[in-house]
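Heads up, the sequence shown is in our numbering, so the first residue is 204 and it goes up one at a time. To start, the structure itself, in structure tokens.
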Amino acid sequence: MFRIIGSKAKDLCDAHLRPSRRDLLRVGGAGMLGMSLGSLLKLQSVQAGAQVASAVGGGPGWGKAKSVLMVYLQGGPSHLDLWDPKPEAAENIRSIFKPIGTKLPGISFTEILPKLAQINDKFTMIRSMSYTPNGLFNHTAAIYQMMTGYTTDKVSPSGQLEPPNGQDFPNFGSQIVRLRPPTEPMLPFVMLPRPLQESNVVGKGGSAGFLGKGYDPYTLFPDGDDMDMSKMDRIKVDDLKMRPDVFAVRMQRRAKLRDMINAQMPAVEKAVEKEHLDEYYQRALSLVTSGRARDAFDLSQEPDAIRDKYGRNTFGQSCLLARRLLEAGTRVVEVIWPKVANSDNHSWDHHADLSKRMKTQSGPLLDTGLSALIDDMDKRGMLENTLVVAIGEFGRSPNKGVSTSGNQNSADGRDHWPYCYTAVLAGAGIKRGYVHGKSDATGSSPLENPVHPTEILATIYHALGIHPETIVYNHLNQPRELVKAQAATALFA
Numbered sequence: 204m205f206r207i208i209g210s211k212a213k214d215l216c217d218a219h220l221r222p223s224r225r226d227l228l229r230v231g232g233a234g235m236l237g238m239s240l241g242s243l244l245k246l247q248s249v250q251a252g253a254q255v256a257s258a259v260g261g262g263p264g265w266g267k268a269k270s271v272l273m274v275y276l277q278g279g280p281s282h283l284d285l286w287d288p289k290p291e292a293a294e295n296i297r298s299i300f301k302p303i304g305t306k307l308p309g310i311s312f313t314e315i316l317p318k319l320a321q322i323n324d325k326f327t328m329i330r331s332m333s334y335t336p337n338g339l340f341n342h343t344a345a346i347y348q349m350m351t352g353y354t355t356d357k358v359s360p361s362g363q364l365e366p367p368n369g370q371d372f373p374n375f376g377s378q379i380v381r382l383r384p385p386t387e388p389m390l391p392f393v394m395l396p397r398p399l400q401e402s403n404v405v406g407k408g409g410s411a412g413f414l415g416k417g418y419d420p421y422t423l424f425p426d427g428d429d430m431d432m433s434k435m436d437r438i439k440v441d442d443l444k445m446r447p448d449v450f451a452v453r454m455q456r457r458a459k460l461r462d463m464i465n466a467q468m469p470a471v472e473k474a475v476e477k478e479h480l481d482e483y484y485q486r487a488l489s490l491v492t493s494g495r496a497r498d499a500f501d502l503s504q505e506p507d508a509i510r511d512k513y514g515r516n517t518f519g520q521s522c523l524l525a526r527r528l529l530e531a532g533t534r535v536v537e538v539i540w541p542k543v544a545n546s547d548n549h550s551w552d553h554h555a556d557l558s559k560r561m562k563t564q565s566g567p568l569l570d571t572g573l574s575a576l577i578d579d580m581d582k583r584g585m586l587e588n589t590l591v592v593a594i595g596e597f598g599r600s601p602n603k604g605v606s607t608s609g610n611q612n613s614a615d616g617r618d619h620w621p622y623c624y625t626a627v628l629a630g631a632g633i634k635r636g637y638v639h640g641k642s643d644a645t646g647s648s649p650l651e652n653p654v655h656p657t658e659i660l661a662t663i664y665h666a667l668g669i670h671p672e673t674i675v676y677n678h679l680n681q682p683r684e685l686v687k688a689q690a691a692t693a694l695f696a
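Here it is in structure tokens:
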């Protein structure tokens, strides 16, 4: 019997696909085509090597990162009211918050970020993030672009996208763990503490899409309302625990029994050895029996002083948990701002009451949590090989009270603004105390060095030693680049 190995809608050019044992047993008839099992596997190996060879990279920052942490400020923070104040602008543009000095001479933040102002010599700030939206100014489309590198062509009249499906472009974390699988018995990709969301569209841009569910993130979404600041104290990871009636010893015995059965097929096993077909089984077994993941999720192991430093709230404790996961060997962690995009209280979507909500809610959470994260990782030496990115899907309009997206805005509210905003990057060779780009006098557009969100994704791939234009095959078996952009190598020292 002869059967071409590969899943439906895939072909042998998909380097990430591997044959099953059943496929290997069925391939016995391949000899009639002049192809032995060894030559078939060799063909796959050669193709995979050719694909890697065609994506040779280099330059500043190439391969400096072993892991990446995305702090996703879902909702669109106002750059004018945080880290790019324009105190000389007209009253309807400048922030109500006072500018303050930072560690960098001539660089000001607003009074909302006093702690970050004291450590901005540890990170790079991009004040020239910019793009022209494709379609409506809605969060979901912008989130999808930021997380996948692609825009969607299906936007409903309400501005929302269709729900997630298997034809979506993969989240960048899924792409990374496919191309750079972890070397430790640890969850490769974790997303917390809530899904990406706008209105009733939940999880768009947050899955592995056409790569398949095997590359989906492990999602840690604790029970409780978004305003429940203590939900991280009730983390449950039951699927990482042994069942009461199954002990690690029994699991190991079962593995040995399986090895004995495998030993009866020496020829097949020898041929398959280089293909690592048992790799995922062994990783899953190691993950459950080692307890490494469970220990990483246990925030009670941290001293009270450290937990207090990060902030006893959902965002702060999520940042602390992210640091623990990265230390334990997780390749990609995405911390999603713990409030749905288009909502009030603690949200960055400040269409109304910005002066009150940012000062008492979202601002202090960000300042405390992000400053503690960067400072803590720096002191632990983790910024040597971990890339940290803090960014939203867009900024807010320079003019207060105007509508740019069809939303109603109060006199002190700001609407969506993708034409100019700010991002922060640290670690993995990123310059310290550097400001990239410059916005104009009103924070409306970049004056120099504009950076597109897709260039941020390209920079992430580049830092991990993955060429941004590496080819991946979609659900229709069509070749697509990871992202159609080049890395912003000027950000690296």
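For every residue, glycine included, the Cβ atom is placed at its ideal position computed from N, Cα and C. On a predicted model such as this, the values are computed, not experimentally measured, just so you know.
Discussion item. Quick test of the definition: if touching needs 3 or more C-beta pairs under 8 angstroms, does the segment 266-278 touch the segment 623-637?
Written reply: By the criterion of at least three beta-carbon pairs nearer than 8 angstroms, the segment 266-278 is in contact with the segment 623-637.
Worksheet item: Who are the near neighbours of residue 431 in its chain, counting only those whose CB is closer than 8 angstroms to its CB and skipping five residues on each side?
Response: One-based indexing of the sequence shown puts residue 431 at position 228. Counting only Cβ-Cβ distances below 8 angstroms, and skipping sequence neighbours, we find 517.
Worksheet item: Taking one C-beta from the segment 279-299 and one from the segment 595-611 each time, how about it: are there three or more such pairs within less than 8 angstroms?
Response: Contact between the segment 279-299 and the segment 595-611 is present, because at least three Cβ pairs lie under 8 angstroms.
Worksheet item: For residue 620, which beta-bridge partners are listed by DSSP?
Response: To locate residue 620, count along the sequence shown from 1; it is residue 417. 598.
Discussion item. By the three-class DSSP mapping on this structure, what secondary structure does residue 353 have?
Written reply: Position 150 of the sequence shown, counted from the first residue, corresponds to residue 353. If DSSP states are grouped into helix, strand and coil, residue 353 belongs with coil.
Discussion item. Judging by CA-CA distance, which residue of 682, 376, 608, 434 is the nearest neighbour of residue 418?
Written reply: The sequence position of residue 418 within the sequence shown is 215, counting from 1. If we check each option's Cα against that of residue 418, 376 comes out closest.
Discussion item. Within 10 Å of its beta-carbon, does residue 520 have 16 or more other beta-carbons around it, so buried, or fewer, so exposed?
Written reply: Taking the sequence shown and counting its residues from 1, the one referred to as residue 520 is at position 317. By the neighbour-count criterion, in which 16 or more other beta carbons inside 10 Å mark a residue as buried, residue 520 falls on the buried side.
Fill in: Nearest-angstrom Cβ-Cβ length linking residue 665 and residue 696, presumed shorter than 8 angstroms
In the sequence shown, counting from the first residue as 1, residue 665 sits at position 462. In the sequence shown, counting from the first residue as 1, residue 696 sits at position 493. Taking C-beta atoms under 8 angstroms as the contact rule, residue 665 and residue 696 fail to qualify, at a distance of about 14 angstroms.
Fill in: Length at least 3, wholly inside the segment 518-552: the beta strand (DSSP E) runs in chain order
Runs found: 535-539.
Item to complete: Under 7 angstroms Cβ to Cβ from residue 253, same chain only, skipping five residues before and after it: list those, please.
Response: Sequence index remark: in the sequence shown, residue 253 carries index 50 (1-based). At residue 253 the pLDDT is 36, less than 50, meaning the model places this residue with poor confidence and gives no usable figure here.
Worksheet entry | Residue range of the unbroken alpha helix (DSSP H) whose run includes residue 654 | As a first step, residue 654 must be located in the sequence shown, where it is residue number 451. Unbroken run through residue 654: none, as it is neither H nor E.
Item to complete: Report all residues from its chain with a CB closer than 6 angstroms to the CB of residue 412; omit the five preceding and five following residues, and keep chain order.
Response: Here residue 412 corresponds to residue number 209 of the sequence shown, with the count starting at 1. In chain order, 371, 372, 373 place their CB closer than 6 angstroms to the CB of residue 412, counting only its own chain and leaving out the 5 sequence neighbours on each side.
Discussion item. Measuring alpha carbon to alpha carbon, tell me which residue in 587, 369, 604, 553 is nearest residue 294.
Written reply: Numbered from 1 along the sequence shown, position 91 holds the residue referred to as residue 294. Nearest C-alpha to residue 294: 604.
Practice prompt. Please confirm if the segment 401-410 is in contact with the segment 433-442, defined as three or more CB-CB distances below 8 angstroms between the two stretches.
Written response: These segments do not touch.
Worksheet item: Under a three-way DSSP split, which group does residue 290 fall into?
Response: As a position in the sequence shown, residue 290 is number 87, starting the count at 1. Coil.
Worksheet item: Which two residues bound the contiguous beta strand (DSSP E) that contains residue 676?
Response: Here residue 676 is taken as the residue at index 473 of the sequence shown, counted from 1. Unbroken beta strand (DSSP E) run through residue 676: 674-676.
Worksheet item: Name the DSSP bridge partner or partners of residue 311?
Response: Here residue 311 is taken as the residue at index 108 of the sequence shown, counted from 1. Answer is 304.
Discussion item. Taking a contact to mean a Cβ-Cβ separation below 7 angstroms, would you say residue 512 touches residue 575 in this structure?
Written reply: Counting from one through the sequence shown, the residue named residue 512 turns up at place 309. Counting from one through the sequence shown, the residue named residue 575 turns up at place 372. Closer than 7 angstroms, so yes.
Worksheet entry | Contacting residues, own chain, Cβ-Cβ under 6 angstroms from residue 686 (five flanking each side not counted) | What you label residue 686 is simply residue 483 of the sequence shown in a count that begins at 1. Counting only residues of its own chain and dropping the five nearest sequence neighbours on each side, residue 686 has a CB closer than 6 angstroms to the CB of 352, 657, 660, 661, 671.
Discussion item. Using a Cβ-Cβ cutoff of less than 6 angstroms, which residues in the same chain neighbour residue 239 once the five nearest sequence positions on both sides are dropped?
Written reply: On the sequence shown, residue 239 is found 36 positions in, with the first residue counted as 1. Its pLDDT being 40, under 50, residue 239 is placed unreliably in this model, and the coordinates cannot settle the point.
Worksheet item: Which residue or residues does DSSP assign as beta-bridge partners of residue 683?
Response: The count along the sequence shown starts at 1 and reaches residue 683 at position 480. Paired residues: 675.
Item to complete: Provide the residue(s) that pair with residue 593 in DSSP beta bridges, ordered along the chain.
Response: In the sequence shown, residue 593 corresponds to position 390, counting from 1. Residue 593 pairs with 274, 627.
Worksheet item: When we look at the beta-carbon of residue 563 and count the other beta-carbons within 10 Å, is it buried (16 or more) or exposed?
Response: For the purposes of this step, residue 563 is taken as residue 360 along the sequence shown, with counting starting at 1. Looking at its Cβ environment, which holds fewer than 16 other Cβ atoms inside 10 Å, residue 563 is exposed.
Fill in: Simplified DSSP state of residue 326, which is helix, strand or coil
Position 123 of the sequence shown, counting from 1, holds the residue named residue 326. If DSSP states are grouped into helix, strand and coil, residue 326 belongs with coil.
Discussion item. Can you look up residue 605 in the DSSP assignment and give me helix, strand or coil?
Written reply: The sequence position of residue 605 within the sequence shown is 402, counting from 1. Collapsing the DSSP output to three states places residue 605 in coil.
Worksheet item: What residue does the beta strand (DSSP E) around residue 375 start on, and which one ends it?
Response: Locating residue 375 in the sequence shown gives position 172, counting from the first residue. Premise fails: residue 375 lies in the alpha helix (DSSP H), 375-382, not in any beta strand (DSSP E).
Worksheet item: Which one of 298, 321, 499, 316 has the shortest CA to CA distance from residue 391?
Response: For this step, residue 391 is matched to residue 188 along the sequence shown. For the residues 298, 321, 499, 316, the minimum Cα distance to residue 391 belongs to 499.
Discussion item. If distances are taken between C-alpha atoms only, which option among 618, 590, 326 comes closest to residue 264?
Written reply: For the purposes of this step, residue 264 is taken as residue 61 along the sequence shown, with counting starting at 1. Out of 618, 590, 326, the CA that lies nearest to the CA of residue 264 is found in 590.
Discussion item. Any contact between the segment 638-654 and the segment 327-336? By contact I mean 3 or more CB pairs, one from each, below 8 angstroms.
Written reply: Enough Cβ pairs lie closer than 8 angstroms, so yes.
Worksheet item: Would you call the segment 531-541 and the segment 383-403 touching, i.e. three or more CB-CB distances under 8 angstroms?
Response: Put simply, the segment 531-541 touches the segment 383-403. At least three CB pairs are less than 8 angstroms apart.
Worksheet item: Exposed or buried, residue 309, counting other C-beta atoms within 10 Å across all chains shown (16 or more means buried)?
Response: Here residue 309 is taken as the residue at index 106 of the sequence shown, counted from 1. Result: exposed.
Worksheet item: Can a CB atom of chain B be found closer than 7 angstroms to the CB of residue 378?
Response: Going by chain labels, chain B is absent from the structure shown, which holds only one protein chain.
Worksheet item: Start and end of the beta strand (DSSP E) containing residue 392?
Response: For the purposes of this step, residue 392 is taken as the residue at position 189 of the sequence shown. Where residue 392 is concerned, the enclosing beta strand (DSSP E) stretches over 392-395.
Fill in: residue 724 versus 322, 647, 626, residue with shortest Cα-Cα distance
In the structure as shown, the chain starts at 204 and stops at 696, and residue 724 therefore has no counterpart that could be examined.
Worksheet entry | Unbroken stretches of the alpha helix (DSSP H), 4 residues or longer, contained in the segment 553-591 | Counting only unbroken stretches of 4 or more residues, the alpha helix (DSSP H) elements lying wholly within the segment 553-591 are 557-560, 566-582, in sequence order.
Worksheet item: Taking the alpha carbon of residue 427 as the point to measure from, which residue in 541, 528, 328 has its own alpha carbon closest?
Response: Numbered from its first residue, the sequence shown carries residue 427 at position 224. For the residues 541, 528, 328, the minimum Cα distance to residue 427 belongs to 541.
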